[in-house]
Amino acid sequence: MSLENSPRPSWLTFDCYGTLIQWDEGLLEAVTAILAGKHAAAIDPREFIAVYDRHEHALEQTPPHRSFREVAGHALRIALEEFDLHADDNDIRLLTSRISAMPPFPEVTDTLRTLKEAGYQLCIVSNTDDDVIAGNVAQLGGYIDRVITAQQAGAYKPNRRLFDYAHEQLGVSLDEVVHICASPHLDHAAARDIGFRCVWIDRGTGRQRLPDYTPDATLATLDKVPPLFASLGW
């Protein structure tokens, strides 16, 4: 379904990390601190993050479902071992505490206020645990109406079960929601499989579109969303 000549949504759903919250920047800081604590400053944090991400995404799709803290901790331990480093419990505590403290992008809170004032209801759909994301949501100005997590649904993106659960909880059909996200690998795959409308916030991180899916709109930052919706007559 395209945005042109489609109905105005009642709900806007958002990916959190990378869309609203500064994930790449915050993860880089966390990993840099972890490596520094192990006197491993010679290791490129970005190279380490690529290894960590690979294991995290694989573990999220490996049964049985585990909490994000468990997944992140296991992925971090495996990644550290690949670099011949010892992992301990303090590492995962540092990582998850840094995730909870990651701030929003500069334009996000004002944009969420604008969207609320325009009459939209706002929901986050995120691959995390309730307690981890609580610190991030607290920084979003009180404009978020619902937060739906992988913990609640028992599934991680791109598994469609998380979005099916979200739509059931919100009581919406596909033409009553538009999803706004930054992750082609996770959110675009679900949009392709389920058929919900999707706006990609492409912040220039180098993430590439899927070969078999094109989002309904591509914007550089979140504050471009209200003008887009206004141009559609919403």
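Numbering (our numbering), first residue to last: 6 to 239. Glycine is no exception: its CB is placed at the ideal position from the N, C-alpha and C atoms. These numbers were taken from a predicted model, which means no experiment stands behind them.
*Are the Cβ atoms of D96 and I39 separated by less than 8 Å?*
For the purposes of this step, residue 96 is identified with residue 91 of the sequence shown, where counting begins at 1. For the purposes of this step, residue 39 is identified with residue 34 of the sequence shown, where counting begins at 1. Contact: yes.
*Got a sec? Which residues, its chain only, sit under 7 Å from R118 by beta carbon, not counting five neighbours each side?*
Locating residue 118 in the sequence shown gives position 113, where the first residue counts as 1. Closer than 7 Å at the Cβ level, and outside the excluded window around R118, lie G146, Y148.
_Between A143, I83, F168, which has its C-alpha nearest A55's C-alpha?_
Position 50 of the sequence shown, counted from the start, is the residue given in the question as residue 55. Comparing alpha carbon positions, the residue from A143, I83, F168 closest to A55 is I83.
*Measure the C-alpha to C-alpha separation of P109 and N10 and round it to an integer number of angstroms.*
Taking the sequence shown and counting its residues from 1, one reaches residue 109 at position 104. Taking the sequence shown and counting its residues from 1, one reaches residue 10 at position 5. As the crow flies, the alpha-carbon of P109 is around 32 Å from that of N10.
*Per the contact definition of three or more C-beta pairs closer than 8 Å, is the region 212 to 228 in contact with the region 188 to 201?*
Short answer: they touch.
*Using a Cβ-Cβ cut-off of 6 Å (strictly less than) and excluding sequence neighbours within five positions of V177, which residues of its own chain qualify?*
Looking up residue 177 in the sequence shown gives position 172. The answer, listed in chain order, is W16.
_Going by beta-carbon coordinates alone, are S5 and D134 separated by less than 8 Å?_
The structure shown has nothing for residue 5, since the chain only spans 6 to 239.
_Presumed contact (8 Å Cβ cut-off) between D228 and E112, rounded CB distance_ = Taking the first residue of the sequence shown as position 1, residue 228 is located at position 223. Taking the first residue of the sequence shown as position 1, residue 112 is located at position 107. About 4 Å; that satisfies the 8 Å criterion.
*Starting from F19, trace the beta strand (DSSP E) both ways and give me its first and last residue.*
If you number the sequence shown from 1, residue 19 lands on position 14. Here the beta strand (DSSP E) through F19 covers 16 to 19.
*Beta-carbon proximity list for H79, same chain, < 7 Å, skipping 5 on both sides*: In the sequence shown, residue 79 corresponds to position 74, counting from 1. Excluding sequence neighbours, H79 sits near L64.
*Going by DSSP, which residues form a beta bridge with L224?*
On the sequence shown, position 219 is the one that residue 224 refers to. DSSP, once it has assigned bridges, lists I206 as partnering L224.
*DSSP-derived helix/strand/coil call for R51*: Translated into positions along the sequence shown, residue 51 becomes position 46. Helix, per DSSP.
*For the region 32 to 52 against the region 219 to 237, are there 3 or more C-beta pairs whose distance is under 8 Å?*
Fewer than three Cβ pairs drawn from the region 32 to 52 and the region 219 to 237 lie within less than 8 Å of each other, which leaves the two stretches out of contact.
*What are the boundary residues of the beta strand (DSSP E) that L127 is part of?*
For the purposes of this step, residue 127 is identified with residue 122 of the sequence shown, where counting begins at 1. From DSSP, the beta strand (DSSP E) with L127 extends over 126 to 131.
*Under a three-way DSSP split, which group does R71 fall into?*
As a working note, residue 71 is residue 66 in the sequence shown. R71: coil per DSSP, three-state reduction.
*Can you tell me whether G1 is buried or exposed, with buried defined as 16 or more other CB within 10 angstroms of its CB?*
Nothing in the structure corresponds to residue 1, since the chain is present only between 6 and 239.
*Identify, in the order they occur along the chain, each residue of the same chain with its Cβ nearer than 6 Å to the Cβ of V204, setting aside the five sequence neighbours on each side.*
Your numbering for residue 204 matches position 199 in the sequence shown. If we look at V204 and ignore the five residues flanking it on each side, its Cβ neighbours are I185, A222.
_Contained beta strand (DSSP E) runs [length at least 3] in the region 97 to 159, N- to C-terminal order_ = Annotation: the region 97 to 159 contains the following complete segments of the beta strand (DSSP E) (minimum length 3 residues), in chain order: 126 to 131, 151 to 154.
*Consult DSSP for V177 and reduce its assignment to one of helix, strand or coil.*
For the purposes of this step, residue 177 is taken as the residue at position 172 of the sequence shown. Secondary structure of V177 (DSSP, three-state): coil.
*Tell whether a beta-carbon distance below 8 Å holds between V142 and V130.*
Locating residue 142 in the sequence shown gives position 137, counting from the first residue. Locating residue 130 in the sequence shown gives position 125, counting from the first residue. Not a contact, by the Cβ cut-off of 8 Å.
*Answer yes or no: do V137 and T18 have a C-beta to C-beta separation smaller than 8 Å?*
Within the sequence shown, residue 137 is the residue found at index 132, counting from 1. Within the sequence shown, residue 18 is the residue found at index 13, counting from 1. Taking a C-beta distance under 8 Å as the contact criterion, V137 and T18 do not qualify as a contact pair.
_So, with DSSP's three-state summary, where would you put Y218?_
Taking the first residue of the sequence shown as 1, we reach residue 218 at position 213. In the structure shown, Y218 sits in coil (DSSP, three-state: anything other than H, G, I, E or B).
*Count the other C-beta atoms from every protein chain shown that fall within 10 angstroms of the C-beta of T124, then say buried if there are 16 or more, exposed otherwise.*
Position 119 of the sequence shown, counted from the start, is the residue given in the question as residue 124. For clarity, residue 124 is Gly in the given sequence; the question names Thr instead. Looking at its Cβ environment, which holds fewer than 16 other Cβ atoms inside 10 Å, G124 is exposed.
*Hey, R166 and D198 are a contact pair by Cβ (cut 8 Å); roughly how many whole angstroms apart?*
Counting from 1 along the sequence shown, the entry for residue 166 is found at position 161. Counting from 1 along the sequence shown, the entry for residue 198 is found at position 193. Rounded, the Cβ-Cβ distance is 11 Å, inconsistent with contact.
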